[in-house]
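Colleague: Dropping the structure in here first, questions after.
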Amino acid sequence: MYAEILALGALMVGMCGLLLGNGLFGTLTALRMTEEGFDPTIIGAVLSCHSIGFIVGCLYGQRIIQRTGHIRCFAAFAAMLAVVCLVLPMMIEWFTWIPLRLVFGFSSAMVFMVAESWLTGAASSETKGRVFAVYMVINKGSFGAGQLLLLLGDPSGDRLFMLTAILFGICLVPIALSGKGAPPNIDTERIGLRDLYRHSPVGVVGAAAAGFTNAPLMGLGPVFGAQIGLGIDGVSYFMAIFLLGSLALQVPIGRLSDKYDRRGVLIGVAVASAVSCGTMALLSTLGTWPILCMSFVIGGLSAVVYPIAMAHANDHANPEAMVSIMAGLLLAFGIGASISPFFAALAMKWTGPVGLYLYCTVVYASLAGFIIYRRTRRAPASETTDFVAQPQTSQSSAVVVGLDPRADDNE
31 MYAEILALGA
41 LMVGMCGLLL
51 GNGLFGTLTA
61 LRMTEEGFDP
71 TIIGAVLSCH
81 SIGFIVGCLY
91 GQRIIQRTGH
101 IRCFAAFAAM
111 LAVVCLVLPM
121 MIEWFTWIPL
131 RLVFGFSSAM
141 VFMVAESWLT
151 GAASSETKGR
161 VFAVYMVINK
171 GSFGAGQLLL
181 LLGDPSGDRL
191 FMLTAILFGI
201 CLVPIALSGK
211 GAPPNIDTER
221 IGLRDLYRHS
231 PVGVVGAAAA
241 GFTNAPLMGL
251 GPVFGAQIGL
261 GIDGVSYFMA
271 IFLLGSLALQ
281 VPIGRLSDKY
291 DRRGVLIGVA
301 VASAVSCGTM
311 ALLSTLGTWP
321 ILCMSFVIGG
331 LSAVVYPIAM
341 AHANDHANPE
351 AMVSIMAGLL
361 LAFGIGASIS
371 PFFAALAMKW
381 TGPVGLYLYC
391 TVVYASLAGF
401 IIYRRTRRAP
411 ASETTDFVAQ
421 PQTSQSSAVV
431 VGLDPRADDN
441 E
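Reading the sequence shown from the start, the letters are residues 31 to 441 in our numbering.
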C-alpha cells in the first residue's frame with residue numbers, strides 16, 4: 031500500500047491544494063454575500079448552483095474525459111476554477127454569481143472525477159480501501175484547513191479570492207508534470223432513482239437526507255456564524271471544527287453498522303443528529319465554546335448518514351448491481367444538495383440564524399420516522415456488506431464508487 035501511496039504522491043499533493051482552495055472558497059463566498067447584504071434566499075439560491083453544476087458534471091463529464099484525457103481535463107478545469115475565483119469579486123451581483131457558481135460546480139465535478147478515477151486505476155483490489163482512507167483524510171483535513179485561511183485576509187476585499195485562485199493554479203502543476211501515465215477510463219452504469227427506491231427505500235431516502243442537510247450545513251454554516259456574531263476568526267474555527275468532527279465518528283459508527291442492523295444504527299444517528307441540531311439552536315446565544323463543541327458533534331454525525339445508507343442499499347443488492355446502485359445514491363445525494371440551501375435559507379429568513387439548525391432538525395427527525403416505518407415493512411438483511419467511509423459528496427463524483435473494494439467483485 032505504501033508504494034502505491036508514494037506513486038500517487040503527485041496526485042495527493044495536487045488534491046491537497048485543490049481542497050485547500052475549495053474549503054476557503056465555499057466559506058469565503060458565503061461570507062462575502064452576507065457582507066454585501068444579499069437576501070438569505072438569494073444566498074441559498076447561489077449556493078445551490080454549485081450542486082446543480084456538480085450534478086451536470088457527474089452526468090456528462092465522463093464523455094469529456096474520454097475525449098480529452100485525464101491530465102489535460104484536470105488542467106483545463108482547474109484553470110477554470112481559478113478563473114471563476116478571479117471574476118467573482120469583479121462582478122458583485124447575484125445574477126452574475128449564479129452562472130459563475132454553476133461553472134464552478136461543473137469544473138469541480140470534472141477535477142474530482144479525474145482524481146478519483148486516477149486513484150481507482152492505480153490501486154490494487156487488495157489496497158483500494160486503505161488508499162481511499164488516505165485520500166479521505168487528505169480530503170477532510172485539507173478542506174478543513176482551508177477554513178483557517180480566512181484568517182489571512184478580509185472577505186470584503188479581493189485578497190482571499192486571489193489566494194484561492196493561486197491554490198487552484200498550483201494544484202495542477204504536480205498533476206500536469208506527473209510522469210505516471212493517465213489511468214484507464216471507467217464506465218459507470220446508471221440506474222433510475224425510481225427503480226433504486228423500489229430496491230432500497232432507506233438507502234435512497236438516507237442518501238437524499240444527507241444531501242438535504244450536509245449542503246446547508248457547509249454552505250450556510252458561515253452565514254449562521256456571522257449572523258450570531260462569531261466574527262471572521264470565529265467563523266473560520268467554527269467551520270474547521272465541523273469538518274474535523276466529520277472524521278471522528280466514521281470508524282466507530284461504521285463498526286456498529288457492520289455489527290448490527292444498519293437501519294437501527296441509522297435511526298440512532300438520525301435521532302442524535304436531530305437532538306444535536308436542536309441543541310445548537312438553543313445554544314446560539316450562550317457563547318462561542320458551546321457552539322464550537324456542538325459543531326464538532328454535528329459534523330461527526332452528519333458525515334456518517336450517507337455511508338450507512340450506501341452500505342444498507344448494498345445489503346440487498348446482487349453483487350453485479352452494486353456499482354450502479356452507488357452511482358444512483360450519489361445522484362440522490364446531489365439532488366438533495368442542489369435544492370436544500372434554498373429551503374434552509376428560507377428557514378433562516380423566517381426564524382433568524384437558528385433556522386438553519388431547526389431545518390436540519392426537521393430533516394433528521396423525518397429520516398428517523400421514515401426508517402422506523404420501513405422497519406415494519408422489510409426484515410433486516412441476513413448478510414451485510416462492510417461499511418466503507420465516504421467523503422461527503424460536495425467533493426465526490428460517481429467515479430468514487432470504483433474505490434470501494436467490493437466493486438472488484440463485479441469484474
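Where a beta carbon is used, it is the ideal one built from N, C-alpha and C, also for glycine.
On a predicted model such as this, the values are computed, not experimentally measured, just so you know.
Check whether the region 196-206 touches the region 62-77, taking contact to mean three or more Cβ pairs, one atom from each stretch, closer than 8 Å.
Modeller: no
Colleague: Am I right that Ala304 and Tyr394 are in contact with their C-beta atoms under 8 Å? What's the rounded C-beta distance?
Modeller: 4 Å
Colleague: Take the Cβ of Val232 as the centre, count every other Cβ of all protein chains shown within 10 Å, and call the residue buried at 16 or more, exposed below.
Modeller: buried
Colleague: According to DSSP, simplified to helix, strand and coil, what is Pro27?
Modeller: This structure leaves residue 27 out entirely; the chain is present only between 31 and 441.
Colleague: If you measure between the beta carbons of Tyr387 and Leu322, is that distance less than 9 Å?
Modeller: The answer is no: Cβ separation not under 9 Å.
Colleague: Starting from Arg292, trace the alpha helix (DSSP H) in both directions and tell me its first and last residue.
Modeller: Arg292 to Leu313
Colleague: Closest to Phe272 by CA distance: which of Gly261, Gly251, Gly259 and Pro185 is it?
Modeller: Gly251
Colleague: Apart from the five residues just before and just after Phe372, which ones in its own chain have a Cβ nearer than 6 Å to its Cβ?
Modeller: Gly74, Ala75 and Ser78
Colleague: Sorted by chain position, which residues of the same chain lie with C-beta nearer than 7 Å to Gly255's C-beta, five sequence neighbours on each side aside?
Modeller: Gly264, Val265 and Phe268
Colleague: Return helix, strand or coil for Phe68, following the three-state DSSP convention.
Modeller: In the three-state reduction of the DSSP assignment, Phe68 falls in the coil class.
Colleague: Which of helix, strand or coil does DSSP assign to Met121?
Modeller: Of the three classes helix, strand and coil, the one that applies to Met121 here is coil, per DSSP.
Colleague: Exposed or buried, what is Gly15 when buried is set at 16 or more other beta-carbons lying within 10 Å of its beta-carbon?
Modeller: Absent from the structure is residue 15, since the part of the chain shown begins at 31 and ends at 441.
Colleague: Where does Trp148 land, buried or exposed, given buried means 16+ other C-beta within 10 angstroms?
Modeller: buried
Colleague: According to DSSP, is Arg407 part of a helix, a strand, or is it coil?
Modeller: coil
Colleague: Taking a contact to mean a Cβ-Cβ separation below 9 Å, would you say Val234 touches Ala374 in this structure?
Modeller: no
Colleague: Can you tell me the Cα-Cα spacing of Phe68 and Trp124, whole angstroms?
Modeller: 8 Å
Colleague: Could you tell me the distance, in whole angstroms, from the CA atom of Tyr90 to the CA atom of Leu49?
Modeller: Rounded to the nearest angstrom, the two C-alpha atoms are 22 Å apart.
Colleague: For Ala106 and Ile128, what's the separation of their Cα atoms in angstroms?
Modeller: In a straight line, the C-alpha of Ala106 is about 21 Å away from that of Ile128.
Colleague: For Ser78, name the three-state secondary structure that DSSP assigns.
Modeller: helix
Colleague: So for Asp225, helix, strand or coil by DSSP?
Modeller: In the structure shown, Asp225 sits in a helix (DSSP, three-state: H, G or I).
Colleague: Tell me the DSSP secondary structure of Leu116 in three-state form.
Modeller: helix
Colleague: Would you say the region 54-61 touches the region 167-187, given that touching needs at least three Cβ pairs under 8 Å?
Modeller: yes
Colleague: Note down the Cα distance separating Ser172 from Met248, rounded to an integer number of angstroms.
Modeller: 15 Å
Colleague: Over what stretch of residues does the alpha helix (DSSP H) that includes Pro252 continue unbroken?
Modeller: Gly251 to Gln257
Colleague: Based on Cα-Cα distance, which residue from Leu207, Gly176, Ile401 and Gly364 lies nearest to Gly87?
Modeller: Gly364
Colleague: Using the beta-carbon count (16 or more within 10 Å), is Lys289 buried or exposed?
Modeller: exposed
Colleague: Can you tell me whether DSSP reads Leu207 as helix, strand or coil?
Modeller: DSSP places Leu207 in coil when its eight states are reduced to three.
Colleague: From Ala398 to Arg405, what distance separates their C-alpha atoms?
Modeller: 11 Å
Colleague: Exposed or buried, Tyr403, counting other C-beta atoms within 10 Å across all chains shown (16 or more means buried)?
Modeller: Per the 10 Å Cβ criterion, exposed.
Colleague: For Asp225, count neighbouring Cβ atoms within 10 angstroms of its own Cβ and tell me buried if that reaches 16, exposed if not.
Modeller: exposed
Colleague: State the Cα-Cα distance for the pair Pro70 and Thr381, rounded to the nearest angstrom.
Modeller: Between the C-alpha atoms of Pro70 and Thr381 there is a straight-line separation of about 12 Å.
Colleague: What do you reckon, are the CB atoms on Ala109 and Thr194 nearer than 9 Å?
Modeller: Ala109 places its beta carbon 9 Å or farther from that of Thr194.
Colleague: Would you mind working out which of Ala145, Met120 and Val392 sits nearest Arg189, comparing C-alpha positions?
Modeller: Shortest Cα-Cα distance from Arg189 to any of Ala145, Met120 and Val392 involves Met120.
Colleague: If we ignore side chains and look at the alpha-carbon of each, how far apart do Leu178 and Phe326 end up?
Modeller: 15 Å
Colleague: What distance in whole Å lies between the Cβ atoms of Leu260 and Leu54, which are believed to be in contact at a cut-off of 8 Å?
Modeller: Contact flag wrong, Cβ pair sits at about 17 Å.
Colleague: To the nearest angstrom, how far is it from the Cα of Met192 to the Cα of Leu313?
Modeller: 35 Å
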